[in-house]
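For the sequence shown, the numbering used here gives the first residue as 2, with consecutive numbering after it. Every residue gets a Cβ at the ideal spot worked out from N, C-alpha and C, and that includes glycine.
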Amino acid sequence: MTEMLQYDFMRIALVMAVLIGLTAPAVGTFIVQRKLSLLGDGIGHIALTGIGLGLLTGNSPILGALLVSVLGAVAIEVLRARSRSGADVALALLFYGGLAGGVLLTNGQDGGSSLQSYLFGSISSVSATDLYVVAGLAVAVLGIVAFFGRELFLLCQDEDVARAAGLPVRFLSILIAATAAVTVVISMRAIGLLLVSALMVVPVAAAQQLTRGFKSTMLVAMGVGVLSAVSGLVGSFEYDLPPGPSIVLLALAVFVVATIGGTVLRRRRTRTVPATADRPARTSVEAEAEVLGG
Numbered sequence: 002m003t004e005m006l007q008y009d010f011m012r013i014a015l016v017m018a019v020l021i022g023l024t025a026p027a028v029g030t031f032i033v034q035r036k037l038s039l040l041g042d043g044i045g046h047i048a049l050t051g052i053g054l055g056l057l058t059g060n061s062p063i064l065g066a067l068l069v070s071v072l073g074a075v076a077i078e079v080l081r082a083r084s085r086s087g088a089d090v091a092l093a094l095l096f097y098g099g100l101a102g103g104v105l106l107t108n109g110q111d112g113g114s115s116l117q118s119y120l121f122g123s124i125s126s127v128s129a130t131d132l133y134v135v136a137g138l139a140v141a142v143l144g145i146v147a148f149f150g151r152e153l154f155l156l157c158q159d160e161d162v163a164r165a166a167g168l169p170v171r172f173l174s175i176l177i178a179a180t181a182a183v184t185v186v187i188s189m190r191a192i193g194l195l196l197v198s199a200l201m202v203v204p205v206a207a208a209q210q211l212t213r214g215f216k217s218t219m220l221v222a223m224g225v226g227v228l229s230a231v232s233g234l235v236g237s238f239e240y241d242l243p244p245g246p247s248i249v250l251l252a253l254a255v256f257v258v259a260t261i262g263g264t265v266l267r268r269r270r271t272r273t274v275p276a277t278a279d280r281p282a283r284t285s286v287e288a289e290a291e292v293l294g295g
């Protein structure tokens with residue numbers, strides 16, 4: 002670890018790993034709750050078109066990916082809300098369209114190797130300028146999660162309940178999709194577009210094995226994300242491995258451990274049920290309040 006910190010590019014990579022580890026699971030908690038776990042994959046493929054546009058025009062691929070992925074995320078939400086075919090078909094249409102557009106735009110260019118770094122991640126090639134952009138986007142994403150957290154939770158639980166409560170359902174739905182798109186762009190240089198969705202979903206799935214409340218699930222997922230991102234980066238440096246797959250495989254290992262630990266905890270809770278059977282049952286309102294409070 003000490004040897005790694007002697008290099009400027011690894012210090013930059015470490016800061017970026019922490020930012021990604023915090024941001025991806027925070028947004029992923031809402032995505033998983035809304036049963037749109039593959040949204041990150043769909044947006045990742047749409048972002049390929051933005052990268053292709055950036056490489057073709059000589060502009061920043063990150064900004065191109067940001068613009069196109071946000072527009073694609075809004076389109077996904079509009080299609081999901083209006084199309085009878087549902088969210089899965091809407092995702093598939095943009096999924097394949099974005100992939101085809103990205104490959105077509107980069108065909109015959111000298112940016113083939115650059116495209117590979119976005120597809121599979123190359124955190125060691127991140128510059129200080131890239132870090133500033135990612136840090137700004139990460140702060141914006143975490144700010145949105147903190148400010149709209151309760152409203153987004155109610156929306157993810159039940160759209161009809163959120164609408165009845167007077168919440169702007171359409172705006173919040175687009176906000177979730179756009180925030181997920183920004184998160185994909187934040188993470189693509191480290192994890193790669195083909196793997197970024199894993200860091201949005203796997204830490205959340207691991208946290209769900211150990212926690213019962215929504216807030217606590219998000220906090221544990223963010224901890225798992227940081228642990229996986231930093232450990233994967235350190236492991237990739239020590240053993241000369243690609244960082245993206247290392248981070249994802251470590252997150253999957255944490256999920257396996259959490260599943261085993263969660264099974265043990267649930268068995269222990271089951272054994273204590275007879276001793277608490279005389280307690281009055283909680284109402285649905287009380288249960289929801291507990292979830293909101295974590």
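Assumed close pair residue i, residue j - CB separation to whole angstroms, cut-off 8 Å
i, j, result
"Gly214", "Gly122", "With 8 Å as the limit, Gly214 and Gly122 do not qualify as a contact, their Cβ atoms being about 32 Å apart."
"Val69", "Thr50", "5 Å"
"Leu23", "Gly233", "That belief does not hold up - the Cβ atoms of Leu23 and Gly233 are roughly 15 Å apart, past 8 Å."
Unbroken alpha helix (DSSP H) run spanning residue i, endpoints
i, result
"Asp131", "Ala129 to Phe148"
"Lys36", "Neither: Lys36 is in no alpha helix (DSSP H) and is coded neither H nor E."
"Asp161", "Glu160 to Ala165"
"Met201", "Val197 to Gln209"
Counted within 10 angstroms of its Cβ, other Cβ atoms place residue i as buried (16 or more) or exposed
i, result
"Val231", "buried"
"Ala25", "buried"
"Arg267", "exposed"
"Phe148", "exposed"
"Val104", "exposed"
"Val33", "buried"
"Ile209", "The sequence shown places Gln at residue 209, rather than the Ile named in the question. Its Cβ being crowded by 16 or more others within 10 Å, Gln209 is buried."
"Thr3", "exposed"
"Ser128", "exposed"
"Val286", "Because Val286 carries a pLDDT of 42, less than 50, the predicted location of this residue cannot be relied on, and no value is offered for it."
"Leu156", "buried"
"Tyr133", "exposed"
"Val265", "exposed"
"Tyr119", "buried"
"Ala166", "exposed"
"Phe256", "buried"
"Leu242", "exposed"
C-alpha gap between residue i and residue j, whole angstroms
i, j, result
"Ala222", "Ala178", "19 Å"
"Gly263", "Val146", "27 Å"
"Thr58", "Phe154", "40 Å"
"Ile47", "Val162", "31 Å"
"Gly45", "Val185", "6 Å"
Collapsed DSSP secondary structure at residue i in the structure displayed
i, result
"Thr273", "coil"
"Leu241", "Correcting the residue identity first, residue 241 is Asp in this sequence and not Leu. Coil at Asp241, not helix or strand."
"Leu194", "coil"
"Gly226", "helix"
"Leu168", "coil"
"Thr180", "helix"
"Glu152", "helix"
"Gly59", "coil"
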